[in-house]
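Quick mapping for you: the protein sequence lines, in order, are chains A and B. Under the working numbering, the first residue of the first sequence carries the number 1, and numbering increases by one thereafter. Under the working numbering, the first residue of the second sequence carries the number 281, and numbering increases by one thereafter. We treat Cβ as the ideally placed atom computed from N, Cα and C, and that holds for glycine.
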Amino acid sequence: MPNRAPQIVALGGGGFSMEKDGSLLDDYVLSLTGAGPFGDASEAVLARSGRPRVCFLPTASGDADHYVVRFYRRFSPACDASHVSLFRRDQGTGGVEDDLASHLLAQDLIYVGGGNVVSMLGAWRAHGLDAILRRAWRRGIVLCGPSAGSLCWFEQALSAFHGAPRVVRGLGLLPYSNCVHYDEEPARRIEYHRFVADRMRPGFAVENGVALHFRGTGLERVVSARADGRAFLVEPVGEHVRETPLEVTDLGAPSTAGREVPAPASPKHARRARREVVAA
Amino acid sequence: MSERQIVEVGERLIFAMGGGGFTMEPANPLLDDFVLSLADVREPRMLFLPTASGDTTTQINAFRARFSERACVPEHLSLFHLRDSSRSLEDTVLAHDIVYVGGGSMRNLLALWRAHGLDRLLVQAWERGTVLAGLSAGAMCWLQGGITRSSGPPEPIAGLSILEGSLTVHADGEPERLPAWLASVRDGTLPGGWALDDGVGLLFRGERPDRAVSSRPGAGAQRVDAIEGELMRKRVDVELLGDGPRAALGGFDEAVEELRRMHRMRRGSTRGRG
Chain A
1 MPNRAPQIVA LGGGGFSMEK DGSLLDDYVL SLTGAGPFGD ASEAVLARSG RPRVCFLPTA
61 SGDADHYVVR FYRRFSPACD ASHVSLFRRD QGTGGVEDDL ASHLLAQDLI YVGGGNVVSM
121 LGAWRAHGLD AILRRAWRRG IVLCGPSAGS LCWFEQALSA FHGAPRVVRG LGLLPYSNCV
181 HYDEEPARRI EYHRFVADRM RPGFAVENGV ALHFRGTGLE RVVSARADGR AFLVEPVGEH
241 VRETPLEVTD LGAPSTAGRE VPAPASPKHA RRARREVVAA
Chain B
281 MSERQIVEVG ERLIFAMGGG GFTMEPANPL LDDFVLSLAD VREPRMLFLP TASGDTTTQI
341 NAFRARFSER ACVPEHLSLF HLRDSSRSLE DTVLAHDIVY VGGGSMRNLL ALWRAHGLDR
401 LLVQAWERGT VLAGLSAGAM CWLQGGITRS SGPPEPIAGL SILEGSLTVH ADGEPERLPA
461 WLASVRDGTL PGGWALDDGV GLLFRGERPD RAVSSRPGAG AQRVDAIEGE LMRKRVDVEL
521 LGDGPRAALG GFDEAVEELR RMHRMRRGST RGRG
């Protein structure tokens with residue numbers, strides 16, 4: 001797939017693993033491959049078979065069977081779906097076992113599941129998946145995922161999976177920090193602000209059901225599966241931390257629910273709303 | 281909780297199994313009872329690490345089934361579900377008398393341990409007299425290296441190097457491992473070491489092998505070294521655990537298990553471990 005810009009869709013939570021109906025965020029991600037209700041359906045994907053190739057990486061869950069099953073349930077009807085299990089590479093359980101690099105580099109979309117980001121990055125590095133994913137990104141294979149599947153793409157991530165929240169070094173494809181599940185626990189917001197005030201990179205805080213869509217390293221658009229979904233730019237200003245709400249496109253709004261293609265994307269960062277929240 | 285103190289080298293124990301224990305021999309508790317007997321207390325606190333399997337509930341349930349009725353305090357630590365635990369990893373690991381490591385992917389096991397700093401904690405635990413036990417990946421990990429199928433075909437992999445030498449497991453149950461190991465020892469990729477059949481455990485006291493025990497009649501072990509490119513193979517004496525009738529009963533169940541495994545292999549879905 002030559003001449004395609006690198007793209008990442010980082011979900012603050014949601015997608016097939018969390019959304020009960022529709023999984024609008026998954027539809028949105030699929031549209032970036034040219035397929036699905038939001039897609040332009042004219043790209044090389046359709047020239048090939050009409051079915052985008054989607055590979056699931058459930059590493060962060062320890063390759064949990066139920067997660068793999070839900071992935072196939074969601075994606076196999078419309079896609080050539082596969083998964084890579086780093087824990088069962090020798091056991092013929094249906095996952096991809098041979099040449100991980102050539103398989104992953106032949107995908108249209110790589111979908112990373114949620115779970116423990118520290119465990120996932122450790123296992124990826126041990127199998128050389130970090131380098132493969134970097135190549136996939138440069139080639140324009142769409143990368144996406146919720147939670148750990150979001151945190152991993154950033155230079156720094158706030159992991160609150162166990163014990164005190166801490167900063168985790170991600171793959172660094174996106175030169176920002178990231179905090180997910182922003183609406184779930186108030187403690188997360190306090191911790192993220194504290195870290196950003198203390199030299200963590202500026203970055204993005206994202207609620208469940210909301211996704212950041214990056215083209216290259218620039219934020220192209222913020223989309224949401226629910227009307228009140230929010231995402232924020234969090235950056236230090238002097239001794240304070242400024243939290244700026246980002247403009248969010250509601251994928252469930254009538255225009256998009258009618259299966260129309262979302263409005264053309266702004267080439268620059270999504271416009272920021274005027275309202276600013278300043279916290280110590 | 282009682283802090284364990286650093287113990288003499290001769291009191292540090294590692295029990296490495298070539299296969300066996302509750303995940304592979306549900307009807308035969310001989311090796312697991314032997315593990316319990318290694319602790320210096322009557323009701324040891326025992327921590328199971330199912331890391332190499334991706335923390336499968338299958339392994340955790342098998343662990344519970346085996347140890348919940350025995351004289352011990354069983355607990356497991358899942359690195360994928362740390363959310364459930366409020367204690368630090370350090371407090372969790374160092375509070376136990378036995379750490380029992382399950383089989384699976386050795387590459388992932390070591391990567392995950394390192395990512396969470398567990399490799400360091402396990403060495404500390406060993407120095408404080410916590411018995412380190414495990415099978416397959418959970419056995420090879422303590423040595424300088426072993427043979428893993430973490431990426432499919434058997435290949436050499438480095439371990440934590442707490443103990444000198446290398447180890448290969450399932451020498452009888454997964455016949456494709458042994459030649460890969462022998463080749464690696466011959467060409468110096470791995471140092472000399474031990475090949476253990478399923479059901480055989482090698483006990484290290486300090487850094488030296490102390491005794492080899494087995495849960496199955498006929499299961500064996502060998503020591504192999506390369507001397508000027510030639511392999512020197514020596515049989516290791518193995519003590520059969522338990523008494524006659526129980527061993528025979530275990531043997532019957534193992535035969536059934538073996539048959540099932542052959543069926544699975546024929547279907548192309550071998551349950552490889554390590």
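Tell me, which residues are paired with residue i by DSSP?
i: Gly425 (chain B); result: B:Ala438, B:Ser446
i: Glu355 (chain B); result: B:Leu327
i: Met297 (chain B); result: B:Leu415, B:Gly481
i: Asn116 (chain A); result: Partner(s): none; Asn116 (chain A) has no beta bridge.
i: Ala492 (chain B); result: B:Leu482, B:Val518
i: Thr372 (chain B); result: DSSP, once it has assigned bridges, lists no residue as partnering Thr372 (chain B).
i: Glu597 (chain B); result: This structure leaves residue 597 (chain B) out entirely; chain B is present only between 281 and 554.
i: Leu109 (chain A); result: A:Val54, A:Val142
i: Trp474 (chain B); result: B:Leu447, B:Arg503
i: Asp377 (chain B); result: Its beta-bridge partners do not exist; DSSP assigns none.
i: His213 (chain A); result: A:Val9, A:Arg221
i: Val167 (chain A); result: A:Leu158
i: Asp250 (chain A); result: A:Ser224
i: Met512 (chain B); result: B:Asp505
Hey, quick one: how far does the beta strand (DSSP E) through residue i stretch, first residue to last?
i: Thr331 (chain B); result: Segment: none, Thr331 (chain B) is in no beta strand (DSSP E) and carries neither H nor E.
i: Gly283 (chain A); result: A query on residue 283 (chain A) cannot be resolved here, the shown segment of chain A reaching from 1 to 280 and no further.
i: Val180 (chain A); result: Premise fails: Val180 (chain A) is in no beta strand (DSSP E) and is neither H nor E.
i: Trp153 (chain A); result: Segment: none, Trp153 (chain A) is in no beta strand (DSSP E) and carries neither H nor E.
i: Thr410 (chain B); result: Where Thr410 (chain B) is concerned, there is no enclosing beta strand (DSSP E), given that its DSSP letter is neither H nor E.
i: Asp80 (chain A); result: 80-83
i: Ser147 (chain A); result: That residue, Ser147 (chain A), is in no beta strand (DSSP E); it is neither H nor E in DSSP.
i: Ala101 (chain A); result: Where Ala101 (chain A) is concerned, there is no enclosing beta strand (DSSP E), although the alpha helix (DSSP H) it sits in stretches over 100-104.
i: Val293 (chain A); result: Residue 293 (chain A) lies beyond the residue range present for chain A, which begins at 1 and ends at 280; the question has no answer from this structure.
i: Arg4 (chain A); result: Unbroken run through Arg4 (chain A): none, as it is neither H nor E.
i: Arg242 (chain A); result: 240-245
i: Val321 (chain B); result: No beta strand (DSSP E) contains Val321 (chain B), which DSSP labels as neither H nor E.
State yes or no: is the C-beta of residue i within less than 8 angstroms of the C-beta of residue j?
i: Gly114 (chain A); j: Gly149 (chain A); result: yes
i: Val289 (chain B); j: Gly409 (chain B); result: no
i: Ala395 (chain B); j: Ser119 (chain A); result: yes
i: Leu511 (chain B); j: Trp474 (chain B); result: no
i: Ser224 (chain A); j: Val210 (chain A); result: yes
i: Gly229 (chain A); j: Glu243 (chain A); result: no
i: Leu251 (chain A); j: Val142 (chain A); result: no
i: Cys152 (chain A); j: Leu121 (chain A); result: yes
i: Val9 (chain A); j: Cys144 (chain A); result: yes
i: Pro202 (chain A); j: Pro236 (chain A); result: yes
i: Val237 (chain B); j: Met420 (chain B); result: Because chain B in this structure spans residues 281 to 554, residue 237 (chain B) falls outside the shown range and cannot be described.
i: Glu244 (chain B); j: Val493 (chain B); result: Outside the shown range of chain B, which is 281 to 554, sits residue 244 (chain B), and nothing can be said about it.
i: Pro354 (chain B); j: Phe328 (chain B); result: yes
i: Ala391 (chain B); j: Ala123 (chain A); result: yes
i: Arg499 (chain B); j: Asp523 (chain B); result: The sequence shown places Ala at residue 499 (chain B), rather than the Arg named in the question. Going by C-beta atoms, Ala499 (chain B) is not nearer than 8 angstroms to Asp523 (chain B).
i: Arg466 (chain B); j: Ala405 (chain B); result: no
i: Leu412 (chain B); j: Val373 (chain B); result: no
i: Arg400 (chain B); j: Ala126 (chain A); result: no
i: Leu25 (chain A); j: Gly15 (chain A); result: yes
i: Tyr176 (chain A); j: Phe154 (chain A); result: yes
i: Asn116 (chain A); j: Ala81 (chain A); result: no
Sort the options by Cα distance to residue i and report the nearest one.
i: Phe75 (chain A); options: A:Leu105, A:Pro186, A:Asp27, A:Asn116; result: A:Asp27
i: Leu389 (chain B); options: B:Ala506, B:Val403, B:Asp335, B:Arg346; result: B:Asp335
i: Asp183 (chain A); options: A:Pro6, A:Ile8, A:Gly13; result: A:Gly13
i: Pro471 (chain B); options: B:Leu423, B:Asp477, B:Asp452; result: B:Leu423
i: Ala5 (chain A); options: A:Val222, A:Gly218, A:Pro254, A:Ala253; result: A:Gly218
i: Leu440 (chain B); options: B:Trp393, B:Leu374, B:Thr337; result: B:Trp393
i: Glu185 (chain A); options: A:Ala205, A:Ala106, A:Pro254, A:Arg138; result: A:Ala205
i: Arg134 (chain A); options: A:Ala101, A:Cys179, A:Asn178; result: A:Ala101
i: Val198 (chain A); options: A:Ala231, A:Leu158, A:Gly216; result: Strictly speaking, residue 198 (chain A) in this sequence is Asp, with Val absent from that position. Considering only alpha carbons, the answer is A:Leu158.
i: Arg350 (chain B); options: B:Thr338, B:Val315, B:Lys514; result: B:Val315
State the start and end residues of the unbroken alpha helix (DSSP H) segment that holds residue i.
i: Asn388 (chain B); result: 386-396
i: Val315 (chain B); result: 310-317
i: Ala187 (chain A); result: 186-197
i: Phe71 (chain A); result: 65-75
i: Ile258 (chain B); result: Past the edges of chain B, shown from 281 to 554, lies residue 258 (chain B), and the structure says nothing about it.
i: Val465 (chain B); result: 457-466
i: Val29 (chain A); result: 24-31
Count the C-beta pairs between the region 75-87 of chain A and the region 409-421 of chain B that are closer than 8 angstroms, then say yes if the count reaches three, no if not. Segments in contact, no.
Between the region 120-137 of chain A and the region 167-186 of chain A, do at least 3 Cβ pairs fall closer than 8 angstroms? In short, these stretches touch, since the Cβ pair count reaches three.
Between the region 104-114 of chain A and the region 53-64 of chain A, do at least 3 Cβ pairs fall closer than 8 angstroms? Contact check between the region 104-114 of chain A and the region 53-64 of chain A: three or more CB pairs, one atom from each, fall below 8 angstroms, which counts as touching.
Three or more C-beta pairs below 8 angstroms linking the region 426-439 of chain B and the region 301-314 of chain B: By the Cβ test, the region 426-439 of chain B is not in contact with the region 301-314 of chain B, since fewer than three Cβ pairs between them sit closer than 8 angstroms.
Measuring CB atoms only, is the region 359-378 of chain B touching the region 340-348 of chain B, in the sense that at least three cross pairs come out at less than 8 angstroms? Short answer: they don't touch.
Does the region 475-488 of chain B come close enough to the region 292-308 of chain B to have 3 or more Cβ pairs within less than 8 angstroms? With the cut-off at 8 angstroms, the region 475-488 of chain B and the region 292-308 of chain B touch.
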